[in-house]
Amino acid sequence: MAPPFSFRVLHTDGAARRGEMTTAHGVVQTPAFMPVGTRGAVKAVTPRDLREVGAEIILGNTYHLWLRPGDGLIARLGGLHRFIGWDGPILTDSGGFQAFSLGEKRVITEDGIRFRSHLDGSEHLLTPEGAAEIQAQLGPDIAMVLDECLAQPAPLSAVKESTERSARWARRCRDRFLQLRDLCAGEWRLDSETSESRTRVTNPGQAQFGIIQGGTVPELRTLSVERTLAIGFEAYAIGGLSVGEPADTMYSVVAHTAPQLPAGSPRYLMGVGTPIDIVEAVSRGIDLFDCVMPTRNARNGQLFTSEGRLTIKNARYADDGGPLDPACACYTCRTHSRAYLRHLFVSGEIGAAVLNTIHNLRFYLDTMARVRQAIVFGTLETLRQSLQAMFSRPLSDS
Ligand SMILES: [Zn+2]
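Residue numbers (this note's numbering): 44 to 441.
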């Protein structure tokens with residue numbers, strides 16, 4: 044059966060789209076930001092906090108969950124939603140980027156990515172079929188295909204070869220995904236342990252996104268779009284960006300690629316980015332984002348506020364009794380002073396990570412709400428300029 048996945052555009056402002064994405068575990072208002080929960084947990088916060096800050100969809104990581112605690116265990120316990128206690132939409136990436144990031148510990152062949160685990164050095168092979176099977180067992184609402192990530196800059200021939208391989212892998216990954224869907228079609232069985240497959244499909248409503256590669260070469264991006272659309276997925280992501288290229292290069296690849304993707308499907312820009320990157324990409328037609336920046340920066344005491352960036356350990360906040368961000372209504376800003384947050388941070392208290400993460404995620408999700416509102420009212424350009432002014436200047440406290 045086809046997944047209960049759909050997308051509709053409600054408003055547009057230039058190339059920007061205000062939309063609604065429906066998944067097996069609920070509706071997501073777009074453009075949307077997905078907090079990153081690599082190991083099945085968004086660091087320092089609970090699912091209850093995520094709901095309170097306004098998260099509608101979160102991201103998990105196939106590579107990490109496969110190696111520990113294992114997709115088989117998660118499937119036996121009812122799938123990722125039940126395992127982590129989050130009943131809203133979940134997207135998992137394919138694990139290709141993490142395997143790629145292992146550097147010398149991995150070898151890429153036509154079969155897949157052979158690598159040694161970062162945990163215990165054990166050897167594993169991640170194939171396109173395997174990525175589909177692992178994600179069938181994890182049961183996110185959106186699974187990603189396995190693609191090859193390439194370090195940039197790379198010679199043109201290497202980018203071309205990698206783009207072609209990613210397209211072949213996408214075909215294999217889609218074929219396996221569709222086989223698994225057929226295996227559990229007809230009845231909503233949680234366990235499809237048949238002779239054909241020992242993979243448990245824990246979320247029969249799962250959708251699968253293809254990924255456009257092609258580095259920074261417009262012709263190869265177009266080639267990748269053609270190959271990937273020919274296979275056919277519920278929606279498409281733009282991968283291989285935010286890997287060290289200049290911001291302008293990223294924006295121009297997005298501007299080149301996004302209009303070639305179907306208007307009736309959401310478009311996901313993987314691993315992006317800063318508030319400026321997000322509004323720039325939205326204005327070029329992107330609908331979905333994920334990035335570790337709000338959560339990682341929070342743990343480092345780097346906070347996003349309506350007045351710009353703020354470094355909480357700065358001595359000037361030692362006796363500042365005011366809220367972290369006067370314009371923010373999150374739990375942290377309603378409850379605690381900058382002085383207290385600074386004290387927690389310099390004392391190394393766990394609570395610093397918790398309170399800072401709650402605020403940074405709320406800031407990102409509030410920013411997405413402002414982006415959506417601006418699209419409805421046709422004022423995205425004004426919002427883009429104000430975010431540019433706020434975040435392109437030096438730290439407000441430096
Ligand atoms: Zn706040």
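Just so you know, even glycine gets a beta-carbon here, dropped at the ideal spot from N, CA and C.
Same chain, Cβ closer than 7 Å to residue i, five either side skipped, listed in chain order
| i | result |
| --- | --- |
| GLN345 | ARG352, THR354 |
| GLY258 | LEU193, GLN195, ALA197, VAL202, GLY283 |
| GLN431 | ILE319 |
| GLY307 | PHE50 |
| MET411 | PRO74, ALA75, PHE76 |
Nonlocal neighbours in the same chain, by C-beta distance under 6 Å from residue i, ignoring five residues either side
| i | result |
| --- | --- |
| ARG342 | ALA396 |
| PRO132 | THR66, HIS68, GLY69, VAL71, ILE100, ASP184 |
| ASP333 | MET77, VAL79, LEU102 |
| LYS86 | THR338 |
| ALA417 | LEU423, LEU426 |
| ALA298 | ARG327 |
| MET433 | GLY351 |
| GLU323 | TYR294 |
| ILE321 | PHE332 |
Cβ distance (whole Å) where residue i is taken to contact residue j below 8 Å
| i | j | result |
| --- | --- | --- |
| GLY316 | SER295 | So it is not a contact: roughly 15 Å between Cβ atoms. |
| ILE267 | GLN256 | Reading the sequence as shown, one finds Ser at residue 267 and not Ile. The pair is a contact, with the Cβ atoms about 5 Å apart (cut-off 8 Å). |
| THR348 | PHE406 | 7 Å |
| THR375 | ILE401 | 5 Å |
| THR105 | ILE177 | 6 Å |
| ALA142 | ILE127 | Between ILE127 and ALA142 the Cβ distance is about 22 Å, and since that is not below 8 Å, they are no contact. |
| LEU223 | ALA290 | With 8 Å as the limit, LEU223 and ALA290 do not qualify as a contact, their Cβ atoms being about 39 Å apart. |
| THR206 | LEU263 | 5 Å |
| LEU110 | LEU162 | 6 Å |
| GLY287 | PRO47 | Not really, about 38 Å apart at Cβ, beyond 8 Å. |
| ARG217 | ILE274 | 5 Å |
Cβ shell of residue i (< 8 Å), same chain only, five flanking positions each side left out
| i | result |
| --- | --- |
| THR271 | ALA210, ALA213, GLY253, ILE254, ILE255, TYR279 |
| LEU116 | none |
| SER165 | ARG159 |
| LEU384 | ILE355, TYR360, LEU367, THR375, ALA395, LEU398, ASN399 |
| LEU387 | GLY394, ALA395, LEU398 |
| HIS54 | ARG60, ARG61, ILE418, VAL419 |
| ARG119 | ARG243 |
| SER435 | ILE319 |
Residue i beta carbon near ligand 3 (any heavy atom closer than 6 Å)
| i | result |
| --- | --- |
| GLY57 | Ligand 3 is absent from the structure shown, which contains only ligand 1. |
Original post:
Do three or more CB pairs link the segment 367-378 to the segment 295-305 at distances below 8 Å?
Top reply: Taking 8 Å as the limit for Cβ pairs, the verdict is that the segment 295-305 does not touch the segment 367-378.
Original post:
Can you list, in chain order, every residue whose CB sits closer than 6 Å to a heavy atom of ligand 1?
Top reply: Counting every residue whose Cβ lies closer than 6 Å to a heavy atom of ligand 1, we get LEU367, ASP368, CYS371, CYS373, THR375, CYS376, HIS402, ARG405.
Original post:
Taking three-plus beta-carbon pairs below 8 Å as touching, is the segment 267-287 in contact with the segment 187-198?
Top reply: For the pair of segments examined, the segment 267-287 was found to touch the segment 187-198: the number of CB pairs separated by less than 8 Å reaches three.
**OP:** Evaluate contact between the segment 132-142 and the segment 165-184, counting only Cβ atoms and requiring at least three cross-stretch pairs below 8 Å.
**Re:** The segment 132-142 makes contact with the segment 165-184: 3 or more CB pairs, one atom from each, lie closer than 8 Å.
Original post:
Counting pairs of beta carbons, one from the segment 45-64 and one from the segment 307-327, are three or more of them closer than 8 Å?
Top reply: With contact defined as three or more Cβ pairs closer than 8 Å, the segment 45-64 and the segment 307-327 are in contact.
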